[in-house]
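Line order of the protein sequences matches chains A, B and C.
Numbering of the first sequence is given in the working numbering, commencing with residue 6 and proceeding in unit increments.
Numbering of the second sequence is given in the working numbering, commencing with residue 293 and proceeding in unit increments.
Numbering of the third sequence is given in the working numbering, commencing with residue 121 and proceeding in unit increments.
Glycine included, every Cβ here is placed at the ideal spot set by N, Cα and C.
In what follows, a single structure is set out as structure tokens and then discussed.
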Amino acid sequence: MIPMEHVLILGAALFAIGMYGVLARRNAVLILLSVELMLNAVNLNLIAFNVYLRPNPATGMVFSVFVIVIAAAEAGLALAIILRLFRNRRTANVDEADLLKW
Amino acid sequence: MQIHSTEQVVFYLLAVVAVAAALGVVFAQDIIHSALFLVVTLILTAGVYVLLSAEFLSLVQVLVYGGGVSILVMFAVMITRVRDARGPLDGAQKPIAIVAGLAIVTVLVLMISRTEWQQAIPAVNRPDESPVRVQRVITQTDKGQLMSDTDAIGHDLFTTFAVPFEVASLVLLVALVGAIYLARGEEDEVT
Amino acid sequence: MLGQWGHMGFLVVVGLSLPAVALVISFLLGLVKIRPKDPNAIKQDTYECGIEAEGSAWVQFHSGYYVFALLFVVFDIETVFLYPWAVALRQEKLFAFVDALLFIAILGVGYVYAWRKRAFEWR
């Protein structure tokens, strides 16, 4: 059996890497990819807690199914917004989408 | 760190490659490479789910991320990637981001290692794959039948989580309508 | 736990090692000069159905591709929910059935919208 702490540490590492990506990247598609990484880390934690601590047969797993589904819906919508941004401004960089900022 | 079983060996292999691919996602200087690294990380995470006996989640992970989201990202990259839109992929705030990332991983690892977990299954003294498969998510139904994790998820989904299930379909509907509207644009409206 | 997945892991290892072995053998044969290596501009060119490749691959693709991918993802997710539904239906009986019908009906609205917006047509 894998120690639970090690699974959690894997989740923490993936989460931190994803957070770095969200903060450091300026291309909107890459920021979205990093967000997916963070959500994936959260899923890993939910499943680990479900399997090891077992508060309930499947609550953690149902949660992660919902997280995966909402993440996919969010990715679809966010990428559509990025396409629209690209069509209007010829850029996919978040720091160039600054029409409302001065 | 003591290694007790082949499961652990496989887990550490998967974990190391997954973290390396995740680093590839955030450090690659080509969007396509980033997207492919993300697919590697997500598929390897599906492998970790298998090791944790969450087979259904592993299937969903491969189906949705490996099949769906990666294609979506690839098409978005293909559409937004023209030559005049190139430039550095990282912003000027990169050093701050490194500090923030290191800070959060330190805090999380400290927190994980210092917490006393009330585990249902003790992680110690499990020399090898024991015949008693306690770690598997098998629970008894009222009639005494065995349930796999898919059964358990299905059961919860249609009892406790029936309303969130419907809300999820609404979210998908909103995403579908919104994304079609945004991606197709006004110029090809149907009157 | 690992026992039942061991065969699949073996399959993955074999599947990954086959192309790797082919590449390594090719590289080793190149080292001992058995495999000829004589590149020229035409050989190095990208093969594209026999037509000479022209311009850059950095072209902008039509956004219609994206709509198709999106439709695929949304209905992919629908199957994700329908799978545990199908497994649990034996125990949950009528309520789960009606619940899933409502789920399909709500996504059906999206399907009709996509149809009305001609998202299924290629233009």
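Exposed or buried, residue i, counting other C-beta atoms within 10 Å across all chains shown (16 or more means buried)?
| i | result |
| --- | --- |
| ALA225/C | exposed |
| GLU198/C | buried |
| TRP235/C | exposed |
| ARG210/C | exposed |
| ASN93/A | exposed |
| ILE87/A | buried |
| ALA471/B | buried |
| ALA313/B | buried |
| ARG403/B | Contrary to the premise, residue 403/B reads as Met rather than Arg in this sequence. So MET403/B counts as exposed. |
| ALA142/C | exposed |
| GLU212/C | buried |
| ASN48/A | buried |
| LEU214/C | exposed |
| ALA395/B | exposed |
| GLY170/C | exposed |
| ASP103/A | exposed |
| HIS325/B | exposed |
| GLU41/A | buried |
| ASN32/A | buried |
| ILE52/A | buried |
| GLY436/B | Here the model assigns GLY436/B a pLDDT of 44, short of 50, so the residue's position is not dependable, and the following value carries that caveat. By the 10 Å Cβ count, GLY436/B comes out exposed. |
| ASN55/A | buried |
| ASP165/C | exposed |
| ALA173/C | exposed |
Tell me the DSSP secondary structure of residue i in three-state form.
| i | result |
| --- | --- |
| PRO382/B | The sequence shown places Asp at residue 382/B, not Pro. Here ASP382/B sits in strand by DSSP. |
| ASP448/B | helix |
| PHE20/A | helix |
| LEU105/A | coil |
| VAL426/B | Unreliable placement is indicated for VAL426/B, whose pLDDT of 41 sits below 50; the coordinate value is still reported in the next sentence. It is coil, neither helix nor strand. |
| GLU241/C | coil |
| ALA454/B | helix |
| ILE58/A | Contrary to the premise, residue 58/A reads as Leu rather than Ile in this sequence. Coil. |
| ILE297/B | The sequence given here has Ser at residue 297/B, not Ile. Three-state result, SER297/B: coil. |
| GLU408/B | coil |
| PRO387/B | helix |
| LEU222/C | helix |
| ALA46/A | helix |
| VAL482/B | Low confidence applies here, because VAL482/B scores a pLDDT of 45, under 50, leaving its location unreliable; read the following figure in that light. Three-state DSSP puts VAL482/B in coil, outside helix and strand. |
| ALA53/A | helix |
| ILE7/A | coil |
| MET313/B | For clarity, residue 313/B is Ala in the given sequence; the question names Met instead. ALA313/B: helix per DSSP, three-state reduction. |
| ALA234/C | helix |
| ALA63/A | coil |
| TYR473/B | helix |
Per DSSP, which one or two residues make a beta bridge with residue i?
| i | result |
| --- | --- |
| ASN98/A | ASN32/A |
* In the segment 380–396 of chain B, which residues sit with their C-beta less than 8 Å from some C-beta in chain A, listed in chain order? -> Listed in sequence order: PRO380, LEU381, ASP382, GLY383, GLN385, LYS386, ILE388, ALA389, ILE390, ALA392, GLY393, LEU394 and ILE396.
* For the segment 131–219 of chain C, list the beta strand (DSSP E) runs that are entirely contained and at least 3 residues long, ordered along the chain. => none
* To do: Could you name the residues of the segment 60–89 of chain A whose beta carbon sits closer than 7 Å to any beta carbon of chain B, in the order they occur along the chain?
  => PRO62, ALA63, THR64, MET66, VAL67, SER69, VAL70, PHE71, ILE73, VAL74, ILE75, ALA77, ALA78, ALA80, GLY81, LEU82, LEU84, ALA85, ILE86, ILE87, LEU88 and ARG89
* Quick one: which residues of the segment 164–191 of chain C get their C-beta closer than 7 Å to a C-beta of chain A? List them in chain order. => SER183, TYR186 and LEU190
* Between the segment 318–335 of chain B and chain A, which residues of the former have CB atoms less than 7 Å from a CB of the latter, in chain order? -> For the segment 318–335 of chain B, the set of residues with a beta-carbon nearer than 7 Å to any beta-carbon of chain A comprises VAL318, ILE323, SER326, ALA327, LEU330, THR333 and LEU334, in chain order.
* To do: Can you check the segment 316–372 of chain B for any alpha helix (DSSP H) of at least 4 residues that lies completely inside it and give the ranges in chain order?
  => 323–343, 347–352 and 362–372
* Cβ-based contacts, 7 Å cut-off: residues of the segment 42–60 of chain A near chain B -> LEU42, ASN45, LEU49, ILE52, ALA53, VAL56, TYR57, LEU58 and ARG59
* Listed in chain order, which residues of the segment 337–349 of chain B have Cβ atoms closer than 8 Å to some Cβ of chain C? -> VAL342, LEU343, SER345 and PHE348
* Interface residues of the segment 12–29 of chain A facing chain B [CB-CB below 9 Å] -> VAL12, LEU13, ILE14, LEU15, GLY16, ALA17, ALA18, LEU19, PHE20, ALA21, ILE22, GLY23, MET24, TYR25, GLY26, VAL27, LEU28 and ALA29
* Within 8 Å of chain C by C-beta, residues of the segment 454–468 of chain B in sequence order -> Here the close residues are ALA454, PHE457, GLU458, ALA460, SER461, LEU462, LEU464, LEU465, ALA467 and LEU468.
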